[in-house]
Amino acid sequence: MTMADAADVTIIGGGPVGLFGMYCAGLNCLDAQLLESLDRVGGQLEHLYPEKPIYDVGGFPKISGRELIEQLKRQAFQYSGRVVPNVTASSLETGSLRHRIHTNQGIFESRVVIITAGIGEFIPRRMNIPAIDQFEGRGLYYVVNQLSDFDGQRVLVVGGGDSAADWAMAIADRAQQVTMIHRRDAFQCHKDSLRKLQSHSAVALVPNRSLLRLEGDQQVQRAYLQDTKEGPLADPLTVDRVIIAIGLVAGTAIFQEWGLPLEGHEIRVASDMSTGRPGVYAAGDVATYPGKVKLIAAGFGEVATAVEAACKFLGA
Ligand SMILES: Cc1cc2nc3c(=O)[nH]c(=O)nc-3n(C[C@H](O)[C@H](O)[C@H](O)COP(=O)(O)OP(=O)(O)OC[C@H]3O[C@@H](n4cnc5c(N)ncnc54)[C@H](O)[C@@H]3O)c2cc1C
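The numbering of the sequence shown is this note's numbering, which starts it at -6 and goes up by one.
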């Protein structure tokens, strides 16, 4: 590839934030390319919760993960930016006038790089319980692709954060019974979700409970729980489905090698989303700064800021 072939902007990661970044780049008449590890764009929304409703993106009172990605694609692809799937960026080399992004499909050159790699690979956090994973595909879910799997079922949701609450809400009207347990005293999801779940007749919220083991013949049938203050409970909960929603393991170790400022697994950025390396920006779940919230809406603002900063950097 020659200097003339270098893109103005390369966006690494085709989740919602990278897609909105492609739109912003097109709006600014930048020549942009998007590198995505997986075979299709969409990030966590497409691969982890395509059917779950999202309520907190401006302009959409309720929209599913997949629908939001479809809208983002329509918005981004009105411009001529290129999307290159099945490309994983593995290292970044910075020269004086361009960056060289090393990938499993060769080197991509670019004048500016915006990293929107989210949480990297999607690795749901597993329960550290012996033999539990034998029930995956037999009633145990770490990733929910079809809400209809829960129609008329007795469901246990394990987790006390927003993901667990979102799943409980998404299935509450279709399941026979939803029991959501959390090992702490208080659930940590949004207050409004908690209020809605508390007032739903099919939902029981039980704090101070953890899962000890699952039992069943072909399918999961019983969940043995423990009171986190008083010890194991004798009687199991009768269940048909179990959703484990205790978070994701960050798969961004790759950036340890890139020489960027890191805070834990995230890239530390300034208020213009710059990383400290000239021409390299980060936005979305992969980026951090004081007061950061990992939400789609926040990522949209961040990537718009990053593209504006990139324009100034390029003199565009
Ligand atoms: C169950 C669940 C429910 C949620 N519900 C909501 C909600 O209701 N509202 C809300 O605002 N947020 C919600 N979130 C959080 C939201 O999904 C994230 O904040 C959002 O996906 C972040 O977008 P992103 O584009 O930064 O990263 P991601 O969505 O993680 O996308 C990153 C993309 O980068 C790709 N990638 C990673 N590494 C590389 C690499 N080295 N090279 C090339 N490509 C790479 C990945 O394959 C992926 O496609 C939820 C999350 C979960 C798990």
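Every residue gets a Cβ at the ideal spot worked out from N, C-alpha and C, and that includes glycine. As the structure is a prediction and not an experimental result, all values here were calculated from the model.
For the beta strand (DSSP E) assignment, the uninterrupted runs of no fewer than 3 residues enclosed by the segment 100 to 175 are, from N- to C-terminal side, 147 to 151, 170 to 174. Between residue 276 and residue 296, the CB-CB gap stays under 7 Å. No heavy atom of ligand 1 is found nearer than 6 Å to the CB of residue 185.
The nearest non-hydrogen atom of ligand 1 is 6 Å or more from the C-beta of residue 282. Annotation: the continuous beta strand (DSSP E) that includes residue 3 extends over 0 to 5.
At the C-beta level, residue 10 and residue 109 come within 7 Å of one another.
Burial state of residue 305 is exposed, judged by a 10 Å Cβ sphere holding fewer than 16 other Cβ atoms. If you draw a straight line from the Cα of residue 278 to the Cα of residue 144, it is about 32 Å long. By the Cβ test, the segment 39 to 57 is in contact with the segment 130 to 140, since at least three Cβ pairs between them sit closer than 8 Å. In this structure residue 7 does not touch residue 50 by the C-beta definition: roughly 17 Å separates them, more than the 8 Å allowed.
Fully enclosed beta strand (DSSP E) runs of no fewer than 3 residues occupy 196 to 199, 202 to 208, 215 to 220, 234 to 237, 259 to 261 of the segment 191 to 271, in order along the chain. Per the coordinates, the alpha-carbon of residue 248 lies some 15 Å from the alpha-carbon of residue 267. Contact between residue 212 and residue 131 is confirmed by a C-beta separation of about 5 Å, below the 8 Å threshold.
Judged by their CB atoms, residue 133 and residue 232 are not nearer to each other than the 7 Å cut-off. The alpha-carbon separation between residue 182 and residue 90 amounts to approximately 46 Å. DSSP places residue 16 within a helical segment (H, G or I) once states are collapsed to three.
Rounded to whole angstroms, the Cβ separation of residue 36 and residue 71 is 20 Å, and the two are not in contact under 8 Å. Put simply, the backbone Cα of residue 239 is about 8 Å away from that of residue 154. Residue 208 and residue 162 have their alpha carbons spaced roughly 25 Å apart.
Checking the 6 Å criterion, the Cβ of residue 41 is within range of a heavy atom belonging to ligand 1. Taking one beta carbon from each stretch, the segment 93 to 103 and the segment 162 to 180 have fewer than 3 pairs nearer than 8 Å; the two do not touch. For residue 230 and residue 217, the gap between their C-alpha atoms comes out near 6 Å. Two segments are said to touch when three or more pairs of C-beta atoms, one from each, lie closer than 8 Å; by this definition the segment 57 to 77 does not touch the segment 256 to 265. Looking at 288, 301, 307, 302, the one whose alpha-carbon comes closest to that of residue 58 is 288. Taking residue 265 as the centre and dropping the five residues before and after it, the same chain places the C-beta of 298, 302 closer than 7 Å to its C-beta, in chain order. Classified as exposed, residue 22 has fewer than 16 neighbouring CB atoms from the shown chains inside 10 Å of its CB. Under the three-state reduction of DSSP, residue 63 is assigned to helix. Within the DSSP secondary-structure output, residue 37 pairs in no beta bridge. Residue state for residue 46 is assigned as strand, using DSSP reduced to three classes. Residue environment for residue 66: buried (at least 16 other C-beta atoms within 10 angstroms of its C-beta). In this structure, residue 109 has its CB closer than 6 Å to one or more heavy atoms of ligand 1. When 158, 204, 4 are compared, the shortest CA-CA separation from residue 122 is found for 204.
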